[in-house]
Each structure stands twice: as C-alpha cells, then as structure tokens.
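Reminder that position 142 of the sequence shown reads as 141 in numbering that gives the first Met the number 0, one-by-one numbering, no gaps.
The C-beta atom is built at its ideal place from N, Cα and C for all residues, glycine as well.
Fair warning: this is a prediction, and the values are worked out from it, not measured in the lab.
One structure is given here, and the rest of the page talks about it.
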Amino acid sequence: MPGDKLPVRVMLRTDKPLMHEEGACLPSRSRHGQCRACASACPVQALEVSLADVKLGDACTGCGQCTAACPTEALSLPELAFLSPAAPEAQAGGTFPAQPAVPVILECRKVPADLRAPASQEVPCLGAVRASHLVALSAAGSAVQLMDRGWCETCDMGCHGEAPHHPAQAALDLATLWLEAVDAAAAAPQLVREPLPAERCPQLLPPAPKSAEKLDRRSFFRQALERPAGRSTAISTPMGGDGKAAYPADRRQASPDRQRLLAVLGALAEHSGNELPSELYPQMHVNATCCDQRLCVALCPTAALTVCDNGIGAHLQFSSERCIACGTC
C-alpha cells in the first residue's frame, strides 16, 4: 500500500525501555480512536493514554504485557525483537523444513540463570509474547515451550487478580485455535509447568538487558527534539486542531501483527491444503443511510478502507486482510 512507511519509534521515557510509534497508535491517529488496550493490559496501571499523548509512569516494570495487547504494535520492547523474525519468509511458497527446528523455550526474566531450562531464551514476562509469534514459531517447525515456574500467582505482573489466569494463556489459546483450524499436524505451543522454589523468586523484575537496537536516523533526531537534555519524558507537540490526531493519509500502516499472522497461516494452509477460516477475516457492511462523507475512510488507521474513483463514479473498497476490527470506522 502507498501509505506504508518505515516506523518511527521513540522511547516514552529515557529511563524505561518501552518504545512508542506514534503513527501506529490508534488514539494518536484520531479523536475517535478509543483504543486503550495497552492501559487495560498493564498490571500496574503505568500507562495513561489520551489524544494528546501516551504517558508512562514510574510504576512501569518493563514486563511488556502492553506490547502484546497493542493491536498495531505501536508499543514495543527491543528485547522482544528476536520473536518478530519468526515469520518464515521462505514459507511464502508453502515450503516447510523437512526436519523440526530447534525447540524454542521461553523463560521469564525473573527466573535466575542457573535455574533456567537449557538453551532457553529470556523474555521479560511470558505475557509479553503475542499469539502471532507463537503461531510463527510453531509453523517454522519449532516445539514452543513457555516455562511456568509457579511464580505468576504471586507476581505483580502475573495472575493473582480476582479471576486468576496465566498471563500467557490467552495468547496460547488463540495460537492453538488458529493452528488447529489451518493445519492439525502443526504442533501447538505448550505451557510447561515445572515449579521452582518460591524463595528463589525475586520480588522485583530484574532490569532489561542493554538494548542492541539502534534508533534509525529519523527516530534519533526526532527523539532529540522531543527530549532536550535533562528530560526523561517527551514534550507534547500537538499536530492540528485535535492534537496529534491530524495525521495525513500517507501515514497509515498495516498492522505488523496481522501481517505476520496472515503470512504464516497462509503458508500453513497452502502446505496442508486447507482453507483459511472465515473467522480470520473481519466483515464490514454499509447500509443505505451512508452519507458518503468518507469519514470512515479518513479514520481507518490501516488503510483497510479506501475510495476507488474511476473517473465515472467512486465507491468504498474494503480490505479484510488489513482490517484489525478496531471499530473506529
């Protein structure tokens, strides 16, 4: 799509690793953007989302659960970048590895190194892993294991609320649902319960490892302008009469999360000979009360809604592949 551009990510605070891509953030795109998925997912209520900006409070632990909840990946943690390349480029033609890939074992950062499973990889919290990441890793032939050490029940980032649940359970259930619908032979990711002594669990989440990710030139200069020396948070720079909502149409971006899911499931479907489930594609219906002012087109954050004008007449075009069912239209 002509509107797709490279992301411009900046740190919400210089003392926290969480990155924010304003052009992908639904509330930043429109005053009608009511998405608060990140704030709702934060277990310590550290995020405050408004039309003007996204504020990150001192309470942030860096667990990353907000990044997994964001439908457009507007929030990200550099340490989770290793999960994103999991979408196998070579599988676009339906070619899958003849031999199983190396198992992928994910451990929470709270687990001391001497207690972790051999060859495991660290994530800040198992709740920071997206369903699309699990689908992509499983489709690549990996046996994906998320290690449950029995500490989530008492962890500030875990499942100790009124309705206890493991923070990764929703992503695991969704990934399993998609995999079973497309290719029953694909191994679903597993939550492996191997409890460790409670006294070995640190009270606080250890700090994130030093980031190897470097800001691109554009992001670097933007961050320098928004955060003069000595400031830990960005200066709000409203754009247009509705704050940062006045984004031009060419800033619209497809959701990386959805692109990843569609690419992997499409390759799996080709490999298995099955059809992709209709539930994967949102539907939109326009009734006779449409006033043709095209506000829905202007507000759509992913360019799933566009106008086709052939010189004789114009009509709405809808791409269910780009639609994230955010409801803004």
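Contact between K109 and L204 holds, since their C-beta atoms are separated by about 6 Å, short of 8 Å. For E278, there is no enclosing beta strand (DSSP E), as DSSP marks it with neither H nor E. Sequence-distant Cβ neighbours of V181 in its own chain, meaning closer than 6 Å and more than five residues away, are L264, L267, A268 and N273. Take the alpha-carbon of P208 and the one of E78: they are about 7 Å apart. Taking C-beta atoms as the reference points, L145 and L173 fail to come closer than 9 Å. Rounded to the nearest angstrom, the Cβ distance from A67 to A58 is 18 Å, too far for a contact under 8 Å.
Per DSSP, the continuous beta strand (DSSP E) segment holding T305 begins and ends at L304 to D308. Between Q316 and C307 the beta-carbon gap is near 5 Å, inside 8 Å, which marks them as a contact. Residue environment: Q64 is assigned as buried (16 or more neighbouring CB atoms within 10 Å of its CB, all protein chains considered). Within the same chain, D182 come within 6 Å of S271 by CB-CB distance, once the 5 residues on both sides are set aside.
Setting aside the 5 residues that flank it on each side, A38 is surrounded in the same chain by L46 and V48, each with a C-beta closer than 6 Å to its C-beta; the list follows chain order. Within 10 angstroms of the beta-carbon of G149 lie fewer than 16 other beta-carbons, which makes it exposed. Counting of Cβ neighbours within 10 angstroms places G312 among the exposed residues, the total staying below 16.
Looking at the DSSP output, R192 sits in a beta bridge with D147.
Selection T175, T153, P166 and L176 evaluated against A197 yields T153 as nearest (Cα-Cα).
In chain order, A170, L173 and A174 place their CB closer than 7 Å to the CB of A130, counting only its own chain and leaving out the 5 sequence neighbours on each side.
In the structure shown, S75 falls within a strand segment according to DSSP collapsed to helix, strand and coil. Burial is judged here by how many other beta carbons sit within 10 angstroms of a residue's own beta carbon; D14 has fewer than 16 and is exposed. If you draw a 10 Å sphere on the C-beta of C289, you find fewer than 16 other C-beta atoms in it, and that means exposed. Counting along the chain, R8 sits inside the beta strand (DSSP E) bounded by residues R8 to M10. Residue S319 holds the alpha-carbon nearest to the alpha-carbon of E278 among D256, R259 and S319. Secondary-structure assignment with DSSP links F317 through a beta bridge to L304. Taking C-beta separations shorter than 7 Å and ignoring five residues to either side along the sequence, the partners of A167 in its chain run L125, G126, V128, L145 and L190, following chain order. Annotation: the continuous beta strand (DSSP E) that includes Q120 extends over Q120 to V122.
Judged by beta-carbon spacing, P123 lies within the 9 Å limit of C107, meaning their Cβ atoms are closer than that value. Assignment of E274 by DSSP, reduced to helix, strand and coil, places it in the coil class.
In the displayed model, V181 falls within a helix according to three-state DSSP. Between S137 and A185 a beta carbon distance of about 6 Å is seen, short of the 8 Å cut, so the two are scored as contacting. Here the alpha carbon of T305 sits roughly 37 Å from the alpha carbon of G56.
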